[in-house]
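Asks:
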Amino acid sequence: MSRSGSRGYNSQNCTYRTKQAERFNTYYLSSCAYHMRRSGVASFKEGVHGLVGRVDSISLYQCDIGDGLHRYTYHLCCPSCYSNPCLNGGWCQQDSNMNYVCQCRYGYEGQNCENRINMCIISGDPHYKTIDGKQIHFQGLCKYNLVSRRSASSGLPDFSVLGKNEKRKGNDRVSYPSYFEVHYMNYTIKLKKQGIVTVNNEVVYPDHSFPPHFKITKNGLFTRFEAKDGLIVDFDGDWIGLIRVPDSYRDKIHGLCGNYDGDVNNDMTTSNNTLTTNYWEVGNSWQVDDPDVTNCTSPTDDNRPTCDESTNKLIQTNDYCGLLSNTSGLFSSCLKESPQIGESFFESCAYDVCANEGNLTAAKEAACAILSSFATYCQSKKHVILWRTKANCPMTCPAGMVFKEKGPACAATCERPDGPEKCSYPDTETCMCPDEMILLNGTCQKPELCKCPGGYEIGSSWLSDDCSLRFKCEACKDCEKRKVAKVYKDHYSCAKTEMCKKINGTAQCQSCNVNGGWGSWTQWSDCNKKTKLQTRKRSCNNPTPKCGGQLCSGSSNETQSCDPNSSGPIEPNPPSCDPDFDFQEACSECDLFANPNMFVANPCSCASYYQCSKDQVSGYYNVYELPCGPCTCWDQDILTCDRDPMNRNPNHDQCVEVTEAPEDIQYNGDKKPTICLDFNDKQQPFKNSQGFYVSWSKYNTATVLDNGVEGTALRFNGDRLEIPAYNNKEIDKMTISLWYKREGNRSENETLISNDDCKHGGSASIFIQSAVSSVGGGVSTNGFNNIRVSSNEWHHVALTYDGDVVKFYVDGDLRGSSVLNGFTARVQCPLLIGSMYDRNYFFGLMDQVCLYDDAINESQVKSDFLKYKKTI
Numbered sequence: 047m048s049r050s051g052s053r054g055y056n057s058q059n060c061t062y063r064t065k066q067a068e069r070f071n072t073y074y075l076s077s078c079a080y081h082m083r084r085s086g087v088a089s090f091k092e093g094v095h096g097l098v099g100r101v102d103s104i105s106l107y108q109c110d111i112g113d114g115l116h117r118y119t120y121h122l123c124c125p126s127c128y129s130n131p132c133l134n135g136g137w138c139q140q141d142s143n144m145n146y147v148c149q150c151r152y153g154y155e156g157q158n159c160e161n162r163i164n165m166c167i168i169s170g171d172p173h174y175k176t177i178d179g180k181q182i183h184f185q186g187l188c189k190y191n192l193v194s195r196r197s198a199s200s201g202l203p204d205f206s207v208l209g210k211n212e213k214r215k216g217n218d219r220v221s222y223p224s225y226f227e228v229h230y231m232n233y234t235i236k237l238k239k240q241g242i243v244t245v246n247n248e249v250v251y252p253d254h255s256f257p258p259h260f261k262i263t264k265n266g267l268f269t270r271f272e273a274k275d276g277l278i279v280d281f282d283g284d285w286i287g288l289i290r291v292p293d294s295y296r297d298k299i300h301g302l303c304g305n306y307d308g309d310v311n312n313d314m315t316t317s318n319n320t321l322t323t324n325y326w327e328v329g330n331s332w333q334v335d336d337p338d339v340t341n342c343t344s345p346t347d348d349n350r351p352t353c354d355e356s357t358n359k360l361i362q363t364n365d366y367c368g369l370l371s372n373t374s375g376l377f378s379s380c381l382k383e384s385p386q387i388g389e390s391f392f393e394s395c396a397y398d399v400c401a402n403e404g405n406l407t408a409a410k411e412a413a414c415a416i417l418s419s420f421a422t423y424c425q426s427k428k429h430v431i432l433w434r435t436k437a438n439c440p441m442t443c444p445a446g447m448v449f450k451e452k453g454p455a456c457a458a459t460c461e462r463p464d465g466p467e468k469c470s471y472p473d474t475e476t477c478m479c480p481d482e483m484i485l486l487n488g489t490c491q492k493p494e495l496c497k498c499p500g501g502y503e504i505g506s507s508w509l510s511d512d513c514s515l516r517f518k519c520e521a522c523k524d525c526e527k528r529k530v531a532k533v534y535k536d537h538y539s540c541a542k543t544e545m546c547k548k549i550n551g552t553a554q555c556q557s558c559n560v561n562g563g564w565g566s567w568t569q570w571s572d573c574n575k576k577t578k579l580q581t582r583k584r585s586c587n588n589p590t591p592k593c594g595g596q597l598c599s600g601s602s603n604e605t606q607s608c609d610p611n612s613s614g615p616i617e618p619n620p621p622s623c624d625p626d627f628d629f630q631e632a633c634s635e636c637d638l639f640a641n642p643n644m645f646v647a648n649p650c651s652c653a654s655y656y657q658c659s660k661d662q663v664s665g666y667y668n669v670y671e672l673p674c675g676p677c678t679c680w681d682q683d684i685l686t687c688d689r690d691p692m693n694r695n696p697n698h699d700q701c702v703e704v705t706e707a708p709e710d711i712q713y714n715g716d717k718k719p720t721i722c723l724d725f726n727d728k729q730q731p732f733k734n735s736q737g738f739y740v741s742w743s744k745y746n747t748a749t750v751l752d753n754g755v756e757g758t759a760l761r762f763n764g765d766r767l768e769i770p771a772y773n774n775k776e777i778d779k780m781t782i783s784l785w786y787k788r789e790g791n792r793s794e795n796e797t798l799i800s801n802d803d804c805k806h807g808g809s810a811s812i813f814i815q816s817a818v819s820s821v822g823g824g825v826s827t828n829g830f831n832n833i834r835v836s837s838n839e840w841h842h843v844a845l846t847y848d849g850d851v852v853k854f855y856v857d858g859d860l861r862g863s864s865v866l867n868g869f870t871a872r873v874q875c876p877l878l879i880g881s882m883y884d885r886n887y888f889f890g891l892m893d894q895v896c897l898y899d900d901a902i903n904e905s906q907v908k909s910d911f912l913k914y915k916k917t918i
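Numbering (the working numbering), first residue to last: 47 to 918.
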């Protein structure tokens with residue numbers, strides 16, 4: 047993640063400053079530079095993969111120990127890694143955008159190496175090694191439930207992983223994996239043969255994300271489904287399927303892969319909870335409906351094959367299954383640690399070779415598949431074994447790809463051109479594209495063939511929906527190797543003679559050309575005694591010509607004869623207005639944003655009109671101009687009627703008060719807060735309706751509930767709240783909305799909310815602060831300060847970030863906006879309410895503190911403000 051403390055330094059600066067530090071500190075024998083030179087990059091990688099005996103090798107290379115200057119250099123150049131975000135011995139690397147990537151040790155996975163690998167292996171024809179370690183030999187040809195949640199009350203998402211088997215090569219004795227089907231968050235994902243993936247019946251290719259739920263990637267030889275909560279399903283498209291579950295799934299799942307309760311002895315349990323010794327009975331019980339197959343034959347016995355003596359001798363050789371029982375051979379370290387697992391894989395290998403008796407080619411393929419699955423198991427237990435050459439199991443890659451027995455697990459793709467270099471997974475067997483190529487739609491291609499999201503080709507540009515930003519698809523400027531297509535953006539605005547319109551779903555600047563129209567005539571003037579004439583006027587403002595539109599034709603003045611001794615022409619009495627006429631409905635028919643000068647019909651028959659427009663009054667909120675009095679006719683007398691009586695002309699007490707914006711711009715209610723604290727519960731810690739707890743810090747001195755904008759508010763007297771739910775949370779979109787009332791006249795800045803970096807004097811990447819008579823806030827380096835507000839009064843503030851633009855609102859009004867290209871914050875400490883890490887404490891009241899995992903729009907900010915405005 048990016049830190050505000052790292053601004054101004056890139057990878058080039060980091061390299062330069064580190065060399066300076068090395069030059070001036072070579073006499074420190076324990077310095078970081080010394081150990082880096084002595085160990086070298088190769089030793090570092092071995093340390094990550096668990097092959098170096100020195101337990102401190104990673105720490106030495108990490109430059110986090112040693113002399114003070116090197117410690118400072120590491121902090122300065124690698125701020126995203128300085129807080130040690132990688133768990134379980136993972137190594138932190140920082141890219142050119144100051145984002146960290148964790149490279150995990152074998153046995154762990156996840157963005158921060160937080161997930162221990164708990165794996166079910168489906169291999170061969172097929173054999174199921176349950177998560178707890180039981181081997182089940184089952185040759186069913188139907189679709190089966192491999193893993194699913196046991197109950198809705200488990201707290202797990204509603205998911206299931208199914209496996210479909212098939213016959214191959216005319217052998218009726220065995221079956222093989224055909225595809226794996228994942229049901230997750232209303233999606234159906236199928237991992238098929240030859241690396242084909244469909245999501246809801248549409249073909250997708252790695253890397254393809256479905257935020258925030260899951261992504262489809264490549265991991266070495268496997269195509270991978272990876273859910274946000276740590277569920278992973280891999281399929282090599284031929285022989286082997288892997289299902290990995292996080293620790294949070296323990297004792298909450300069931301299926302052919304077992305219940306993951308740590309007890310291998312109960313994995314032979316049927317779906318109706320009956321313990322048995324028959325593989326076929328267990329397998330058949332987990333069969334599920336398959337709409338593609340009307341008649342599916344289930345086995346009625348275990349059908350274990352028998353072999354002649356020559357085949358049994360062949361099985362014992364290292365060219366087939368012997369390596370799985372040789373405790374002094376290739377897999378010795380893994381076999382010594384897990385002898386029972388080794389025996390079960392040997393049994394599977396013997397089973398498959400025997401089932402293919404008489405066909406040495408098929409028998410060899412089956413043996414290699416079992417060896418491959420055992421090597422995968424050993425790797426998950428931190429035993430990295432290069433086995434293919436000695437086992438005579440060569441790997442054939444698709445055309446254009448090269449095989450590496452130990453290479454990067456991640457592929458270079460259009461979405462992640464630096465995937466191999468910034469891969470969070472340990473090295474593994476892989477078929478990969480040549481170094482300067484990328485994987486595109488399943489084949490290796492040149493990077494320039496990539497397109498930007500949305501199908502835009504390099505050289506094309508387009509506008510945001512409001513024409514305020516211009517996006518350009520260009521060859522990547524900061525990619526080190528593969529110059530794929532990348533989106534860049536800058537500020538943009540339409541010309542004065544243009545307006546932003548959507549044409550066929552695409553925003554464009556189009557010529558306005560609003561032609562002018564005459565407004566109503568004024569009343570006739572008094573009769574001139576000398577000329578015996580009277581006049582009246584009209585203006586070209588219904589509408590006013592814009593964007594080069596035509597002026598009104600005809601005269602703006604009109605004259606007629608009159609008698610000075612009479613009252614002049616008698617105007618007919620205006621008829622009474624319709625008492626049921628709805629002024630708000632009339633106004634809501636105006637298009638407030640596209641044409642602010644649109645008129646609605648006058649319910650009176652006299653020459654007057656009603657005008658609706660969006661306007662700013664007193665700098666507080668939007669108002670809508672309406673005529674006053676439902677039965678008053680007049681000319682050119684438009685008065686403002688808003689939500690606040692003090693802004694209304696007291697001479698026109700029949701003004702219609704507009705209490706809400708027209709329905710078509712109302713907030714639609716789709717975006718709901720993740721956490722919303724109303725402080726109406728006197729019990730601590732506070733708990734909101736979504737179940738997120740808020741705990742007091744150890745600096746707490748007093749807690750008082752007082753009157754708030756609704757119910758009670760929380761008084762801060764040098765205290766702060768910590769939100770553990772936001773600890774180590776990645777934020778790429780968000781909204782913070784709250785009400786506050788600062789009390790007293792202290793000159794110091796006081797923090798309302800912050801994402802701090804866990805230490806004294808640190809910087810915040812998300813913050814809102816108040817002064818005596820001003821307020822400010824921002825994200826990363828983009829902040830808005832000194833926005834004037836009245837002191838000792840309630841104010842509403844909101845900070846939003848949609849992944850592109852930061853916006854700051856005060857009392858419902860947008861007071862600052864700035865582009866922040868693709869910044870992602872990681873809250874590495876609990877989100878703090880009422881202080882920075884150890885300073886800038888807030889003294890006053892706070893209420894309705896709401897956090898969203900998305901950016902709400904201006905209408906919703908306005909709605910949140912107006913909801914409580916009249917209560918304060």
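For glycine and all other residues, C-beta sits at the position ideal for the given N, C-alpha and C.
1) Below 8 angstroms, how does it come out for the stretch 181-193 and the stretch 326-333: are there three or more Cβ pairs, yes or no?
2) So, at 6 angstroms on beta carbons, what are the nonlocal neighbours of A531 in its own chain, with the 5 sequence-adjacent residues on each side left out?
3) Assuming V334 contacts K189 (C-beta within less than 8 angstroms), just tell me the rounded distance between them.
4) Which whole-angstrom value is the C-beta distance of A562 and G595, which I expect to be below 8 angstroms?
5) Taking the CB atoms as reference points, tell me whether C138 and S470 lie closer together than 8 angstroms.
6) Is it buried or exposed, N247, if we count other Cβ atoms within 10 angstroms and call 16 or more buried?
7) Please report how far the alpha carbon of D927 lies from the alpha carbon of V220, in whole angstroms.
8) Straight-line CA distance for C460 to T442?
9) Using the C-alpha atoms, what's the distance from N372 back to E160?
10) Does the distance from the CB of K583 to the CB of S607 come in under 8 angstroms?
11) Would you identify the three-state DSSP class for T322, choosing helix, strand or coil?
12) Should V907 go down as buried or exposed, given a rule of 16 or more other Cβ atoms within 10 Å for buried?
13) If you follow the alpha helix (DSSP H) that N358 is in, where does it begin and where does it stop?
14) Thinking C-alpha only, which one of P172, V193, M882 is nearest L767?
15) Starting from the C-beta of S378, find all residues in its chain whose C-beta is less than 8 angstroms away, skip the five residues before and the five after it, and write them out in chain order.
16) Could you give the DSSP three-state label for S371: helix, strand or coil?
17) Around the Cβ of M165, are there at least 16 other Cβ atoms within 10 angstroms (buried) or fewer (exposed)?
18) Taking 8 angstroms as the threshold (C-beta atoms), are S394 and I416 in contact?
19) In or out: H537 buried (at least 16 other Cβ within 10 Å) or exposed?
20) For the putative contact between G453 and D473, defined by C-beta atoms under 8 angstroms, what is the C-beta separation to the nearest angstrom?
21) Name the residue from D850, N358, T846 whose alpha carbon lies nearest to the alpha carbon of V856.
22) What would DSSP say about K775, mapped onto helix, strand or coil?
23) Going along the chain, which residues of its own chain have a beta-carbon closer than 6 angstroms to the beta-carbon of D398, five neighbours each way excluded?
24) Could you give the distance in angstroms between the alpha-carbon of D765 and the alpha-carbon of T758?
25) Whole angstroms are fine: how far does the CA of K592 sit from the CA of C558?
26) With DSSP collapsed to three states, give me the class of G186.
27) Drop a sphere of 10 angstroms on the beta-carbon of R788, count the other beta-carbons inside from all chains shown, and report buried for 16 or more, exposed for fewer.
28) Less than 7 angstroms between C-beta atoms, sequence neighbours within five positions excluded: which residues of the same chain meet that for R861?
29) For K578, name the three-state secondary structure that DSSP assigns.
30) Considering only C-alpha positions, which residue in the set N318, G241, Y154, N319 is nearest to H429?
31) Rounded to a whole number of angstroms, what is the C-alpha to C-alpha distance between I167 and H173?
32) Of the choices A844, E839, V852, whose alpha-carbon is the least far from that of S826?
33) In the structure shown, what three-state DSSP assignment does W680 receive?
34) Between the C-alpha atoms of F226 and S200, what's the straight-line distance to the nearest angstrom?
35) Whose C-alpha, out of A409, S384, N211, is nearest the C-alpha of C424?
36) Pick out whichever of D481, P463, H841, A455 has its Cα sitting closest to the Cα of I814.
Replies: Put simply:
1) Yes, since at least three Cβ pairs between the stretch 181-193 and the stretch 326-333 fall closer than 8 angstroms, the two stretches touch.
2) Same-chain partners within the cutoff: C496, K497, C498, I504, C519.
3) Indeed, because the Cβ distance is near 5 angstroms, the residues count as touching under 8 angstroms.
4) The question names Ala, but residue 562 is Gly in the sequence shown. G595 and G562 do touch by the CB rule: their CB atoms are close to 6 angstroms apart, below 8 angstroms.
5) It is not a contact, given that the beta carbons lie outside the stated cut-off.
6) N247 comes out exposed.
7) Since the first and last residues shown for the chain are 47 and 918, residue 927 lies out of range.
8) Between the alpha carbons of C460 and T442 lies a gap of roughly 25 angstroms.
9) Rounded to the nearest angstrom, the two C-alpha atoms are 34 angstroms apart.
10) Against a cut-off of 8 angstroms, the Cβ pair of S607 and K583 comes out as no contact.
11) Look at T322 here: in three-state DSSP terms it is coil, with no helix or strand label.
12) Buried.
13) 355-362 is the span of the alpha helix (DSSP H), which, as asked, contains N358.
14) When P172, V193, M882 are compared, the shortest CA-CA separation from L767 is found for M882.
15) N372.
16) Three-state result, S371: coil.
17) Burial state of M165 is buried, judged by a 10 Å Cβ sphere holding 16 or more other Cβ atoms.
18) Yes, they are a contact pair.
19) Answer is exposed; the Cβ neighbour count stays below 16.
20) That pair is a contact at about 6 angstroms.
21) Of D850, N358, T846, the smallest CA-CA separation from V856 is found for T846.
22) Strand at K775.
23) Closer than 6 angstroms at Cβ, skipping near neighbours: G170, D171, A412.
24) One C-alpha to the other measures close to 17 angstroms.
25) Near 7 angstroms, if we compare the C-alpha coordinates of K592 and C558.
26) If DSSP states are grouped into helix, strand and coil, G186 belongs with coil.
27) It is buried - the Cβ of R788 has at least 16 other Cβ atoms within 10 Å.
28) For R861, the CB contacts under 7 angstroms within the same chain, skipping 5 residues up- and downstream, are F830, I833, F854, Y855 in chain order.
29) Note: K578 maps to coil in three-state DSSP.
30) With distances taken between Cα atoms, H429 lies closest to Y154.
31) The alpha-carbon atoms of I167 and H173 are separated by roughly 8 angstroms.
32) For the options A844, E839, V852, the alpha carbon positioned closest to that of S826 is the one of V852.
33) Residue placement at W680 cannot be trusted, given a pLDDT of 31 that sits under 50; what the coordinates show is reported in the next sentence. It is coil, neither helix nor strand.
34) Between F226 and S200, the C-alpha separation is close to 24 angstroms.
35) Comparing alpha carbon positions, the residue from A409, S384, N211 closest to C424 is S384.
36) Cα-wise, what sits closest to I814 is H841.
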